[in-house]
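Residue numbers (this note's numbering): 451 to 679. Ideal Cβ placement from N, Cα and C applies to all residues, glycine included.
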């Protein structure tokens, strides 16, 4: 009986440890680049191209880093990419996930470029990614809200050197944000989140241009339905 217990204990210890070592030293997420791109296409109907290396760490936290990623535009909005990024990184704790909690370090997004378009009829090139804005499709109730995430703790979000264009053909307005940076403090439900933002902007060419800096505090309700700024 003792030998059986010892054997079980050894298996319980060695099997996870061996798996962790294998993942750390032999698993290469780049081998699954094609599957990731294909899965994104099936989920969204859009093409994702991963041009940079994918990196992963397992200890002391699960970490993911990417190089360049490009996402195609929606159908009917031309051949220019919808968005691209030069690099990103994030890591999160494993054990809290088992109880439905999210504990994440700062999410860093470098060199984001986005081309947002609103057509004269009001259709946008992000409608499909945002769920199509069909109110009838939302069948969730207040009693279900917040159950998917038990607790949220994110070290912050850092957006560096972003370039955003919004071509609003309803209002005949073209807004271009360059050298845009956004930094937040720690993000938790029902707690004030400090936000700092700066960018250079121009509207309709040089009709209006300048530099903008702003700071604020935001609070996110645990139901994810209310944001107070």
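Residue i burial status per 10 Å Cβ neighbour count (16 or more: buried)
i, result
"residue 677", "exposed"
"residue 524", "buried"
"residue 575", "buried"
"residue 562", "buried"
"residue 403", "Here the chain covers residues 451 to 679 and nothing more, so residue 403 does not appear."
"residue 612", "buried"
"residue 586", "Low confidence applies here, because residue 586 scores a pLDDT of 47, under 50, leaving its location unreliable; read the following figure in that light. Counting Cβ neighbours within 10 Å, residue 586 comes out exposed, since fewer than 16 surround it."
"residue 583", "Because the pLDDT at residue 583 is just 46, under 50, the model does not fix this residue reliably, and the value given afterwards should be weighed accordingly. The residue in question, residue 583, is exposed, as its Cβ has fewer than 16 Cβ neighbours within 10 Å."
DSSP state of residue i mapped onto helix, strand, coil
i, result
"residue 544", "coil"
"residue 555", "coil"
"residue 522", "coil"
"residue 515", "strand"
"residue 569", "coil"
"residue 678", "strand"
"residue 659", "strand"
"residue 673", "coil"
Of the listed residues the options, nearest to residue i (C-alpha basis)
i, options, result
"residue 602", "573, 506, 556", "556"
"residue 505", "650, 484, 519, 539", "539"
"residue 650", "640, 552, 536, 628", "628"
"residue 647", "641, 661, 657, 656", "661"
"residue 679", "653, 656, 634", "634"
"residue 632", "666, 478, 625", "666"
"residue 570", "663, 620, 550, 537", "620"
"residue 487", "528, 498, 481", "498"
"residue 513", "479, 529, 491", "479"
"residue 526", "543, 577, 549", "577"
"residue 642", "659, 668, 663", "668"
"residue 519", "652, 639, 659, 490", "490"
"residue 671", "511, 507, 630, 640", "640"
Beta-carbon proximity check, residue i vs residue j, cutoff 8 Å
i, j, result
"residue 496", "residue 522", "yes"
"residue 501", "residue 517", "yes"
"residue 680", "residue 615", "Nothing can be reported for residue 680: it is not among the residues displayed for the chain, which extend from 451 to 679."
"residue 608", "residue 558", "yes"
"residue 605", "residue 674", "no"
"residue 656", "residue 623", "no"
"residue 560", "residue 492", "no"
Near the ligand ADP: residue i beta-carbon under 7 Å from a heavy atom
i, result
"residue 574", "Although the ligand ADP was asked about, the structure shown includes no ligands whatsoever."
Minimum Cβ-Cβ distance from residue i to chain C less than 8 Å
i, result
"residue 671", "The structure shown has no chain C; it contains just one protein chain."
(request) Could you pull out every unbroken beta strand (DSSP E) segment of at least 3 residues lying fully inside the stretch 477-505, listed in chain order? (result) Listed in chain order, the beta strand (DSSP E) runs fully inside the stretch 477-505 are 498-500, counting runs of at least 3 residues.
(request) List in chain order: all unbroken beta strand (DSSP E) runs of 3+ residues lying wholly within the stretch 598-623. (result) 602-604, 607-618
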